[in-house]
Amino acid sequence: IRDLYKLMVDPGMQSRALNALPSLDEPEKVEKAMRYGVGRVERDRSIRDLDWLEENGKCVDNLREGLSTIEGAGRGAFATRSITKGQVVAPAPLIHLGKDRLRMYDALPPNSHGNLVRNESAPYSYQLLINYCFGHRHSKLLLSPYGPLTGLINHSSKKPNVRIVWASNSTFTHPEWRDFDLQQLLKQNHAGLSFDYIAIRDIKEGDEVLIDYGKEWEEAWNEHVRTWVPSKGADHYMAAYEMNNDYDSVLCPNDQPPYYPGNVCMTCERAYLDMWGYQSHNDWDTYHCRILKHYIDVNGEHLYDVEIIDIVDDTEAMTSTIHVNGILFGVPRGIFYFEDLPYTRDHHMRNAFRHEMMVPDDLFPSIWYDKE
């Protein structure tokens with residue numbers, strides 16, 4: 033067993049999971065991990081005295097979620113307590129990756145195995161993740177933060193109250209990586225960089241936390257707003273959550289108007305199916321369904337007869353077949369749950385905004401610049 037453990041923690045076999053295993057230089061911890069599991073070792077190692085926490089710890093509960101004060105921004109991050117100028121508002125460990133990894137491409141016709149192939153000559157946008165990454169105009173490097181709730185910190189060039197700095201006094205960072213060139217950095221297969229969000233003025237409890245995303249980001253956003261036009265079919269668009277919140281609407285059979293938006297599919301919730309005695313061999317939370325009939329009972333309640341269906345896709349023939357698995361009679365409106373079809377939400381549209389947040393020049397190592 034020890035020989036196998038030695039092989040597992042071999043330096044040549046790097047992974048985030050293996051990094052959790054104690055080193056062979058700590059035989060007592062190795063013995064405990066083998067006997068009780070790594071969780072026991074981590075529990076013991078995570079217990080620190082107050083002096084250590086005062087010197088090395090960082091608060092991760094300074095932020096809470098809320099509706100942003102910025103019109104159209106959606107959610108935002110708000111201070112849970114008063115934070116004085118210069119204090120760390122939130123830590124933000126970073127995952128580094130090349131920008132090209134988030135490229136999106138048009139598809140070529142399916143290959144001989146029936147799989148879609150991306151058209152390398154036709155990139156058209158980036159994945160949504162890029163909006164939550166930091167980058168620099170002279171580099172293809174992206175830094176994706178995964179600190180608690182930091183992804184909700186919105187942009188303000190006029191009234192920012194935080195900025196980013198390289199984290200200090202962190203056990204889990206590798207400041208020497210900032211001296212690596214870009215190719216060397218991208219070969220590091222685990223996280224080792226980290227930002228801190230620092231208050232640049234006093235922040236009161238309940239204030240929205242805001243950061244300046246940078247001049248390039250703001251110019252790109254303003255240009256997007258100026259030139260944006262609705263996508264085809266936008267007049268009939270409705271997100272699934274909006275339809276699910278519209279409890280009072282009357283639904284019609286699928287072949288009768290008003291028809292459902294093309295970006296959603298109708299399902300029936302498992303809890304209702306169980307109550308109606310529907311037997312299934314699957315443990316899904318929802319099942320595809322379609323309405324056969326709508327009527328009103330003697331008590332004035334809207335009821336529905338529905339088919340429970342499976343949709344089977346044939347990737348080679350590029351067709352779909354519907355199999356009817358059962359019929360339920362007299363079910364209530366509450367049984368229905370709408371789901372968004374993949375990549376049909378408004379933020380997945382081709383004309384949706386895509387741009388990374390910008391790292392200030394004085395913070396971004398020039399050694400990470402793209403080579404001419």
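In terms of the working numbering, the sequence shown is numbered consecutively and its last residue is 404.
Just so you know, even glycine gets a beta-carbon here, dropped at the ideal spot from N, CA and C.
Under the three-state reduction of DSSP output, S398 falls in the helix class. In the displayed model, A384 falls within coil according to three-state DSSP, outside both helix and strand. Your pair L126 and F227 checks out as a contact, with CB atoms roughly 6 Å apart and the cut at 8 Å. Each of W260, L161, C300 and D306 was checked against the Cα of E388, and the nearest Cα belongs to L161.
In summary, H168 is buried, with 16 or more beta-carbon neighbours lying within 10 Å of its beta-carbon over all protein chains present. Annotated three-state conformation of G224 is coil, per DSSP. Take T318, set aside five residues on each side of it, and the residues of its chain with a beta-carbon closer than 8 Å to its own are T299, C300, E301, R302, Y369 and E371, in chain order. By the C-beta density criterion, K264 is exposed, having fewer than 16 other C-beta atoms within 10 angstroms. Within the stretch 266 to 324, the complete beta strand (DSSP E) segments at least 3 residues long are 296 to 301, listed from N- to C-terminus.
Going by C-alpha positions, A272 is about 14 Å away from L283. Taken through DSSP and simplified to helix, strand or coil, D93 comes out as coil. Residue pairing of W198 in beta bridges, as defined by DSSP: F227.
Rounded to whole angstroms, the gap between the alpha carbons of A105 and N186 is 7 Å. Sequence-distant partners of Y279 (beyond 5 residues in either direction) whose C-beta falls short of 8 Å from its own C-beta, in its chain, are R365 and G366. A check of alpha carbon separations from P285 across L324, I115, Y229 and P262 identifies L324 as the nearest. Its chain contains N94, V121, A231, D234 and I235 as the residues whose beta carbon lies nearer than 8 Å to that of I115, once the 5 sequence neighbours on both sides are disregarded; these appear in chain order. Contact check for C165 against L175 passes: the beta carbons are separated by less than 9 Å.
Under the DSSP assignment, N254 falls in the alpha helix (DSSP H) whose first and last residues are K247 to T259. Comparing alpha-carbon positions, the option among F110, R386 and T376 lying closest to Y269 turns out to be T376.
In this chain, the beta strand (DSSP E) harbouring S153 covers V149 to Y158. Of all alpha-carbon atoms in Y178, F204 and V338, the one lying nearest the alpha-carbon of W308 is that of V338. Bridge pairing for A139: R150 [DSSP].
Measuring C-alpha to C-alpha distances from H256 to each of L85, F385 and R107 identifies F385 as the nearest.
CA-to-CA, the gap between M390 and R382 works out to about 22 Å. Only residues of its own chain outside the window of five on either side were considered, and among them D228 and I230 have a CB closer than 6 Å to the CB of V197, listed in chain order. The alpha-carbon of V344 is positioned some 22 Å away from that of A139. DSSP links E240 through a beta bridge to F110.
For N357, there is no enclosing alpha helix (DSSP H); the enclosing beta strand (DSSP E) covers residues T351 to P364. The beta carbon of P123 is closer than 6 Å to those of K90, G179 and D228 in its chain, skipping five residues each way along the sequence. Taking the Cα of V149 as reference, the smallest distance to any Cα among P397, A65, K64 and Y137 is reached at Y137. For Y369, no alpha helix (DSSP H) segment is defined; the enclosing uninterrupted segment is the beta strand (DSSP E) at F368 to D372. Partner residues in the beta bridge of D337, as assigned by DSSP, are K325. For A122, the pairing in a beta bridge is given by DSSP as Y229. Between the alpha carbons of F110 and S100 lies a gap of roughly 9 Å. Per DSSP, the continuous beta strand (DSSP E) segment holding P177 begins and ends at L173 to P177.
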